[in-house]
Structure formats: C-alpha cells, structure tokens
Amino acid sequence: MIDALNALQVEGVLPATLDFAAVAVEPPRDEAHGDMATNAAMVLAKPAAMPPRAIAEALAAKLMADPRIAVADVAGPGFLNLRLAPGVWQAVVRGALIDGPEFGRVTVGAGRRVNVEFVSANPTGPMHVAHARGAVVGDALASLLAFAGWDVTREYYINDGGGQVDVLARSAYERYREAHGLEPAIREGLYPGDYLIPVGEALKETYGPALLDKPEADWLAEVREFATSMMMQMIRDDLAALGVTMDVYSSEKALYGTGQIEAAIETLRGMDLIYDGILEPPKGKTPEDWEPREQTLFRSTAFGDDVDRPVQKSDGSWTYFAPDIAYHYNKVTRGFDELINVFGADHSGYVKRLKAVVAALSGNRVTLDIKLIQLVKLFKGGEIVKMSKRAGTFVTLRDLIDEVGADVVRFVMLTRKNDVALDFDFDKVLEQSKDNPVFYVQYANARVNSVLRKAREAGFAVSDTDLAGADFGQLSHPAEIEVSRKIAEWPRLVEIAARTNEPHRVAFYLYELASAFHSLWNRGNDEPSLRFIQDDSATSQAKIALARSVGVVICNGLGILGVTPVEEMR
RNA sequence: GGUCCCGUAGCUCAAUUGGAUAGAGCAUCCCCCUCCUAAGGGGAAGGUUACAGGUUCAACUCCUGUCGGGAUCACCA
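Here the first sequence stands for residues 99 to 668, where the numbers follow our numbering.
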C-alpha cells in the first residue's frame with residue numbers, strides 16, 4: 099500500500115511532501131466491502147489538495163498491478179475496497195495448520211518486560227467470588243501478553259503488614275484456645291470463619307499448651323506469622339484449583355525495616371512531592387471526629403488527584419500508602435517497562451496517586467495501567483445470591499469451582515469487559531445451548547474432533563502436515579470463505595486485545611468463530627456438498643483441513659483464557 | 001460536594017480505539033428440519049447509541065456540559 103503511494107509520488111500524481119502516517123489498511127467491519135479497505139484517499143485529500151475520489155482512482159489502478167489483489171474499487175466518499183485473490187485466504191488456513199499452537203503468536207510486545215499484579219487478596223481467609231474475576235482476568239491477560247510477545251511476570255502482593263493480620267492472629271489464637279477445649283472468645287471485630295479452626299489445631303500441634311495464658315505481646319508476632327503462612331498456602335491452593343500460578347509473591351511486611359520505604363519517600367521528597375502539612379476536612383460530609391493534624395503528605399494533586407494523600411499517620415507510623423509507594427518503586431527498579439495492576443472497583447480512588455508515584459519514581463519511563471474489575475452478581479434459580487461476610491453466607495472460590503468447574507468459571511468471567519458488572523448465572527452456565535458461550539465454543543471443538551475421528555476411520559490421512567498439503571482451491575463456498583476469513587483475523591485480534599489489555603476480546607472472538615463453524619456444519623444438513631467428508635478425496639482433504647484449522651485456533655484461544663478444550667461432549 | 005466507571009434493540013451484551021447501512025444471543029413473528037453428534041437451521045421485525053453542544057472528510061468512540069445508575073472519599077488495608 100505504502101509502496102503504491104510512494105510510486106504515485108514519484109510519478110508526480112501526489113505531492114512529494116505528504117505524510118502517510120494516518121493511512122490505515124484494515125479488514126472492514128462489513129464483509130460486503132471487500133477483504134481489506136483503506137482510508138488513504140480521505141486522509142490525504144486535504145493535504146494533497148485533491149478530491150478524495152481522484153486519489154482513490156489513481157491508487158486503485160496502481161494496486162491492481164499486484165497479483166495478490168483481485169479487485170480494487172472505489173466506494174462511498176473515497177474508501178478503497180480490495181478483494182484479495184482467493185489464494186491469500188487459503189494460505190492463511192495452511193499457515194494455521196503449519197504453525198499449530200504457534201498460530202496467532204505476534205511480536206507487538208517486542209520483548210518488553212511487563213509485570214501483571216493481580217489477586218493480591220488479604221491473607222486473612224479463603225478467596226471468594228469477588229477475587230475470582232480479578233484472578234481470571236489477570237491470568238488471562240498475562241497469557242495474552244506472553245502470546246503477543248511480551249516478557250511477562252505474574253505477581254501477587256501480600257498485604258501482610260497492616261492491622262488486619264493482627265486481627266487474624268487474635269482470631270487464630272481463639273481457635274487455638276478452642277483446640278485445647280477452652281471456650282473461644284470470638285469478639286466483635288475478629289474473623290469468625292470456620293476456616294480458622296484447622297489453624298488453631300495446627301498451632302496446638304506445634305506449640306502445645308505453651309502459648310496459653312500468655313499476654314498477647316508474647317505470642318502475637320509468632321501466631322501472626324504462623325496464621326498468615328497457612329492462609330497464603332490456602333490461597334495458593336485456591337489459585338491452583340483455578341489454574342493460576344504466580345511467578346512472584348511480594349510481601350508488604352518484608353519492606354519494613356529495610357529502608358526501602360524511607361528511601362522511596364526521600365526520593366519523592368527530593369522532587370518536592372512529599373511535604374509536611376495539614377489536610378482540609380473532606381468536603382461534603384465531614385466526619386464528626388475530624389480534627390486537624392499535621393501529617394507527611396504526597397502531593398498527588400500535582401497529578402490531577404483531588405487531594406494530597408497522607409503517607410504517615412499523625413503518630414508517625416506509615417499509612418498503607420507508604421509501603422505501596424516502596425513496592426511500586428521496587429517494581430520500577432526491577433527493570434519492568436510496563437506495570438499492570440488488576441484491582442477491585444473499590445480501589446478506584448487509588449488510581450491517580452499510584453500512577454503519579456510510578457510516573458515520578460520512574461521519570462516517566464514506566465507506564466502503569468490499572469484495570470478495575472467490577473462486581474460479580476451471582477444468580478441461582480432466577481434469584482440473586484445474597485452474600486454477607488457477617489452472616490457467613492459469602493460464596494468462596496472453592497464453592498464456585500466445585501459447582502461448575504474451573505473452565506466454566508474462567509470462561510464466564512471473561513465474557514464481559516472488566517469495567518462492567520457481570521452476572522454469573524449458575525443455571526445458564528451449565529446449560530447446553532447457544533446462549534451459553536462456554537458450551538458453544540467447546541461444542542465446536544468437539545465437532546472438529548468428531549470430523550477428524552470419522553475421517554481417520556474412513557482412511558484419510560489427517561495429520562497436520564498431510565492436511566497442510568491440501569488443495570485449498572476446493573474451498574469456494576461463501577460459508578467456507580467466511581470461516582477462513584474468521585481464522586485469518588486471529589493474529590490481528592491477538593494484537594489488538596494485547597495492546598488494549600483486554601482479554602475478554604478473545605472470548606468474544608472464539609464465540610464468533612464457533613458460530614461461523616456451526617453455521618457451516620449445519621448447512622451440511624441441507625447441502626451434502628458442504629459436509630466435511632466427501633467421496634472425492636481432494637475435496638475432503640481441503641474441507642477437513644478447514645475444520646482442523648478451526649480446532650487449532652480454538653485451542654490456542656482457549657489456551658490463552660486458561661480453559662481446557664474438550665474433545666467430546668457428553 | 002469531589003473523583004472514577006457505566007448508560008447502545010423489549011432483555012443480556014458486542015462494535016477491530018475515529019471509518020462505510022451500529023452487530024450477536026435470548027424473547028417476538030414467518031418458513032424449514034429430526035439430519036455426519038440430539039441439545040436445531042433460514043428469514044423478518046426491532047435504534048435519534050441517555051440528552052445538548054463542540055472538534056473532524058468521518059463520532060457509540062475524542063472534548064465540554066446536563067440527566068440517570070454504581071463505586072469511592074483523612075487518623076483501615
């Protein structure tokens with residue numbers, strides 16, 4: 099395309115000073131407009147001082163000389179539609195068979211190092227549904243980026259430095275007393291969950307009666323350590339059940355006493371981003387117990403935040419924000435080019451200050467993208483499932499996996515953009531119908547396998563190398579071309595989804611591909627010539643190859659989503 | 001009150017980051033099928049993309065404002 103434009107410049111048709119940066123060539127939304135389209139004529143009309151249609155006509159004539167282009171015609175205000183020679187699509191199907199699991203792998207990431215931090219649930223209990231979506235989105239995003247050429251690190255930040263782990267320790271201590279036959283005092287503010295009973299028993303196992311009747315100061319640190327490590331083991335197990343493996347676990351507590359927090363704060367102070375001052379009372383509703391106090395503050399208003407943020411409490415201890423600054427400084431110094439944090443939507447208030455910190459501490463070298471994950475609403479029998487931590491009716495990730503399986507959980511969690519609330523309907527996700535995307539995609543793959551099985555029984559050679567040698571000129575029906583086009587879109591989709599950090603696009607794409615394939619399959623009912631297995635072996639081979647390439651793409655796509663493809667439905 | 005997210009067909013959601021006549025699935029209406037894998041197929045209808053301005057050859061997309069829904073707002077993480 100650019101070559102053709104350059105040629106026109108040389109010929110003097112176009113002014114020599116034009117910039118082609120805004121020229122795009124892409125597959126149009128509407129296939130009636132050809133296989134590829136370009137906006138070149140309209141973008142260039144103004145700078146070239148020529149009517150768009152005139153540019154388009156000249157360009158069309160030039161492009162027709164290319165053997166890969168079958169038809170180039172001018173449409174609408176100056177769009178140039180290109181119909182590619184059939185061989186281009188056939189080559190794509192062949193490419194899918196040759197590349198196999200690598201088909202769709204692209205290089206937009208260019209080996210840049212990206213850190214994806216996700217889940218980061220407090221180590222105070224089992225994971226529940228709210229964590230599940232973040233876990234799935236983060237993990238799928240990481241896989242997607244890896245497939246698109248990034249060097250990816252999956253990371254979990256353990257919030258083990260704040261008051262909530264003391265609460266955990268006290269709660270576990272009561273269970274420890276219970277294990278010794280004493281009445282536990284689960285006071286208001288402690289964690290009442292049964293999952294701490296085994297922790298109490300393990301404490302008894304390790305310490306015997308040694309910690310009984312001792313003041314809190316004597317046991318708090320040890321019990322805290324003991325309980326958090328058990329909680330983290332439980333969380334790792336939960337993640338493993340969901341198919342998530344982290345590369346790095348970073349501890350908040352480990353930042354204390356190392357000077358890292360102080361160093362990060364001092365660095366910011368050197369940029370005049372840290373100062374001591376007094377905050378105004380919050381506007382709107384002022385808390386009744388509000389009183390002015392001097393604190394150490396981060397100047398986040400310089401980055402568009404509505405108020406500066408405290409890093410130190412009035413008693414001199416750090417707020418949660420201080421170790422967070424140090425943690426992100428740490429990620430910057432580890433040499434990542436990009437940081438991505440997957441947070442729950444309730445963290446929306448931290449976005450600006452964290453972006454500000456990363457921008458300041460990296461000298462704008464490192465980008466931070468924060469994906470906010472909206473709520474998941476559970477439905478069962480048409481009723482919303484109410485969840486309350488207090489009433490002990492919150493649904494754990496384990497419950498969810500046990501009921502519908504990890505594959506279903508993962509796929510469904512990716513059928514929505516991250517910043518939109520998601521309804522998870524227990525009844526629908528187990529339904530076998532077209533409006534259950536998990537089933538529909540899996541079913542397509544099962545049908546592909548069914549074709550291959552029957553073809554093998556009929557004596558066809560169906561290895562990928564055999565199929566890649568097929569005569570794809572046999573595939574001429576519009577329904578077959580449609581499936582080929584969809585397959586050809588795959589690498590580009592990977593690129594877009596990765597660039598925008600939106601793994602849900604993969605799930606939607608797979609549904610569309612499955613839909614095109616099912617449509618072709620069903621046409622075979624009425625038109626025997628569209629069935630995959632024919633009497634003529636050359637025709638069969640091409641059709642089977644098409645089916646197989648659908649299977650290749652579905653497997654690659656599901657691989658990114660972390661969903662296991664099924665070979666047979668039952 | 002500030003900030004962030006959302007608002008698209010009756011319902012649930014897409015829309016290749018600014019492209020052409022805004023697309024799917026349910027539900028509705030019409031026709032066909034019981035078939036290599038049964039859990040269907042084809043078609044019709046359905047829209048001022050919340051509203052009002054602006055930028056652009058081109059706006060669901062970007063900017064400003066308004067309305068509605070949600071999240072969040074020092075001394076918890």
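Note that the Cβ used here is the ideal one computed from N, Cα and C, for glycine as well.
This structure is a prediction, so every number in the text was calculated from the model and none was measured.
Residue pairing from DSSP places V214 in a beta bridge opposite R252, I438.
Under the three-state reduction of DSSP, A170 is assigned to strand.
When only Cα atoms are considered, I482 and I363 end up about 46 Å apart. For E481, the pairing in a beta bridge is given by DSSP as K478. Assigned with DSSP and collapsed to three states, P408 falls in strand. Below 8 Å, too few C-beta pairs join the segment 395-412 and the segment 326-339 to call them touching: fewer than three. Residue state for Y305 is assigned as helix, using DSSP reduced to three classes. In the structure shown, F558 adopts coil according to DSSP, grouped into three states.
Contact annotation, I468 with F434: C-beta distance approximately 15 Å; criterion of less than 8 Å not satisfied. V592 places its beta carbon less than 8 Å from that of G202. The alpha-carbon of S349 is positioned some 16 Å away from that of L266. Distance from the Cα of R231 is smallest, within the candidate group M667, S635, L659, P663, for L659. Taken in chain order, the whole beta strand (DSSP E) runs of length 3 or more contained in the segment 555-608 number zero. When DSSP reads this structure, V346 sits in a beta bridge with E253. Distances from the CA of G223 to each of L495, F558, G355 were compared; the closest alpha carbon is that of L495. The shortest CA-to-CA distance from E378 to any of I372, A315, Q393 is the one to Q393. A direct Cα-to-Cα measurement between A420 and H426 gives close to 10 Å. Pairing R275 with A457, the inter-Cα distance amounts to about 49 Å. C-alpha of R367 to C-alpha of I423: approximately 12 Å in a straight line. Annotated three-state conformation of T399 is helix, per DSSP.
Just measuring C-alpha positions, the residue of I642, K526, V234 sitting nearest V581 is I642. Of the other Cβ atoms in all chains shown, 16 or more fall within 10 Å of the Cβ of W317; this residue is therefore buried. The Cβ atoms of L550 and L644 do not sit closer than 8 Å to each other.
The segment 511-553 contains, as complete alpha helix (DSSP H) runs of 4+ residues, the segments 524-527 (chain order).
With a cutoff of 8 Å on beta-carbon distance, A577 and S617 are scored as near each other. With contacts defined as CB atoms closer than 8 Å, F522 and L476 qualify as a contacting pair. Under the three-state reduction of DSSP, I153 is assigned to helix. By the Cβ criterion, the segment 648-663 is in contact with the segment 605-620, since at least three pairs of Cβ atoms, one from each stretch, lie closer than 8 Å.
Membership of D500 in the alpha helix (DSSP H) is indicated by the continuous run 495-502. CA-to-CA, the gap between D505 and V661 works out to about 5 Å.
Between the C-alpha atoms of Y254 and I438 there is a straight-line separation of about 12 Å. At the C-beta level, G291 and A270 stay beyond 8 Å of one another. When rounded, the separation of the alpha-carbon atoms in L498 and L520 is 15 Å. Inter-residue distance for L161 and Q632 is about 38 Å (C-alpha atoms, whole angstroms). Taking 8 Å as the cut-off, the Cβ atoms of A139 and A154 count as close. Segment contact: the segment 237-248 against the segment 209-224, three or more CB-CB distances shorter than 8 Å; contact assigned.
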